[in-house]
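Residues in the sequence shown are numbered from 109 upward in steps of one, following my numbering.
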Amino acid sequence: MVEIRWLDSIESEAVFSTRDIRRGTRIAAEIPLIVVPPVPREKELSRFCDEMYKASEDNVAKISELSFRPLVKERMKKDHCMNQQVWGFYKARKWKDNTGTLLKGKKLHKAIKTAMNFCTIFRTNSVYLGPEGRYGSGIFPLYGRMNHSCVPNAHASYNPTLKRLTIHAIHDIEAGEQIFINYIGDVCRTHQQRAFSLHNTWGITCDCAACIDPQVDQLRCRMLILDQALAAYECGASTDPKFSVTYGVPRVMTAAEALKTAEELNYLLKEQGLHGMELCRTLRDCSKYALNSGDPKIALGYALKELELEKTLIGTETSHLEDNLQGAKYWVGHVRGQLGKSA
Ligand SMILES: C[S@@+](CC[C@H](N)C(=O)[O-])C[C@H]1O[C@@H](n2cnc3c(N)ncnc32)[C@H](O)[C@@H]1O
């Protein structure tokens, strides 16, 4: 369905479709090449070195084929804490490699240099497994080759039920098109915000449609404002009459106003083809605010739309999303219950 090809224009690899792919198709369900369990960030790289010694030769070879950003390498050289983690790892092993051979002098320096290169690959390609890395971090061979777009055509997410990273098509994708994911998560951000984030973290200057068209940026500015208005409503900041004047965001005071705001956001996301998780979240907001304003019928309508969308983005294996009604299926059940009570 997809292939990895070299792309001269960005001097690195990219993933392309080899046939037409319909929206909602599961492009891949990848097994990680390596998993680093959830540990504090200051221990992550020494734990990664540990896992690398346990990994199969085949997986180590596959990891070494992934790219590493010069930007990360430069930072790592200067980062005392990262250097310390790699040196600390060898110190803890009493300077031995996995065959028990003592590492000294040139051998030790060579091992440390190799480990630092692998750490750079890890920092460039690793992805959190679950929200905030609940299941650790992993490296995946296909995901690691996917480039960024602010209007992505694919969505990747770790599924702990399957123990795989699934990648689904957000749109219909034609044969020969490049597959893009979104590196920076939140789409309710202006071009300038995204450009800073992409440059500082990845060294990327994105030239996707959203980054070159000023009219699209106006829509993203509006989305940022709506997003902030809802955030202020959620945390209670909008009860301060000065808030909206100071920050220039509409004042959202009631669940009905919140519903109107979320509906506008929903419309803007769809207008720009942003049919990813943020649209799912906005549909949930619409459903929640409709419920809070006493309209469970409308709430159910939005909940069902969320469920349809969720299926296209992550599939139907969502038992790990039962807690706190995170998964759309569980939310639909809850809203149906409310509708039953109100009937
Ligand atoms: C995880 S890798 C992605 C795959 C990479 N192209 C490769 O060859 O393995 C991340 C790196 O890909 C490149 N990249 C990703 N998206 C890009 C984009 N939209 N424009 C230019 N370069 C991009 C950047 O060098 C970035 O640091």
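Ideal placement from N, C-alpha and C gives every residue a C-beta, glycine not left out.
Rounded to a whole number of angstroms, what is the C-alpha to C-alpha distance between residue i and residue j?
i: Tyr-291; j: Tyr-355; result: 28 Å
i: Thr-390; j: Pro-239; result: 18 Å
i: Ala-277; j: Leu-417; result: 11 Å
i: Asp-128; j: Glu-150; result: 44 Å
i: Gln-323; j: Glu-165; result: 50 Å
i: Leu-270; j: Thr-420; result: 16 Å
i: Gln-434; j: Thr-232; result: 29 Å
i: His-237; j: Lys-212; result: What sits at residue 237 in the sequence shown is Leu, not His. Going from the Cα of Leu-237 to the Cα of Lys-212 covers about 36 Å.
i: Val-194; j: Val-147; result: 15 Å
i: Gly-448; j: Ala-366; result: 24 Å
i: Lys-186; j: Lys-162; result: 28 Å
i: Thr-126; j: Asn-261; result: 15 Å
i: Leu-334; j: Glu-372; result: 8 Å
i: Ala-264; j: Ser-117; result: 24 Å
i: Gln-336; j: Ala-398; result: 19 Å
i: Ala-411; j: Val-443; result: 8 Å
i: Ile-289; j: Trp-203; result: 40 Å
i: Arg-134; j: Pro-268; result: 16 Å
i: Asp-403; j: Lys-437; result: 19 Å
i: Gly-241; j: Pro-145; result: 9 Å
i: Cys-157; j: Met-184; result: 15 Å
i: Ile-281; j: Asn-167; result: 30 Å
i: Ala-318; j: Thr-207; result: 52 Å
i: Ile-112; j: Ser-172; result: 16 Å
i: Ala-303; j: Leu-327; result: 16 Å
i: His-428; j: Tyr-243; result: 12 Å
i: Lys-170; j: Ala-122; result: 16 Å
i: Val-360; j: Met-331; result: 15 Å
Once DSSP output is grouped into helix, strand and coil, what is the label at residue i?
i: Thr-274; result: strand
i: Leu-408; result: helix
i: Ala-283; result: coil
i: Ile-118; result: helix
i: Val-443; result: helix
i: Ala-137; result: strand
i: Val-144; result: strand
i: Asn-255; result: strand
Go to residue i, then tell me how far its alpha helix (DSSP H) extends in each direction, as first and last residue.
i: Leu-328; result: In the sequence as displayed, the identity of residue 328 is Arg instead of Leu. Taken as a continuous stretch (DSSP letters only), the alpha helix (DSSP H) holding Arg-328 covers 322-343.
i: Ser-305; result: 299-310
i: Ser-352; result: 349-355
i: Leu-377; result: 363-379
Need the endpoints of the beta strand (DSSP E) that residue i sits in, please.
i: His-263; result: 262-267
i: Leu-495; result: Since the first residue of the chain shown is 109 and the last is 451, residue 495 is not available in this structure.
i: Arg-389; result: Unbroken run through Arg-389 is the alpha helix (DSSP H), 385-400; no beta strand (DSSP E).
i: Leu-115; result: 110-115
i: Glu-425; result: Glu-425 -> no beta strand (DSSP E), and no H or E assigned at all.
i: Ile-247; result: 245-247
Would you check whether ligand 2 has a heavy atom nearer than 7 Å to the C-beta of residue i?
i: Trp-310; result: With respect to small molecules bound, the structure shown includes ligand 1 and not ligand 2.
Inset, instruction - Write down every uninterrupted run of the alpha helix (DSSP H) in the segment 163-243 whose length is 4 residues or greater and which is fully enclosed by it, in chain order. - result: Runs found: 165-172, 178-186, 188-200, 213-233.
Inset, instruction - Could you say if the segment 135-145 and the segment 244-252 meet the contact criterion of at least three C-beta pairs nearer than 8 Å? - result: Under the 8 Å Cβ criterion, the segment 135-145 counts as touching the segment 244-252, having at least three qualifying pairs.
Legend entry - Any 3 or more C-beta pairs closer than 8 Å across the segment 160-178 and the segment 217-232: Yes: the two stretches touch, three or more of their Cβ pairs being nearer than 8 Å.
Inset, instruction - Decide yes or no for the touch test of the segment 151-163 against the segment 256-263: beta carbon pairs closer than 8 Å, at least 3 of them. - result: Contact between the segment 151-163 and the segment 256-263 is absent, because fewer than three Cβ pairs lie under 8 Å.
Legend entry - Sufficient close CB pairs (3 or more, under 8 Å) joining the segment 392-412 to the segment 343-354: Too few Cβ pairs lie closer than 8 Å, so no.
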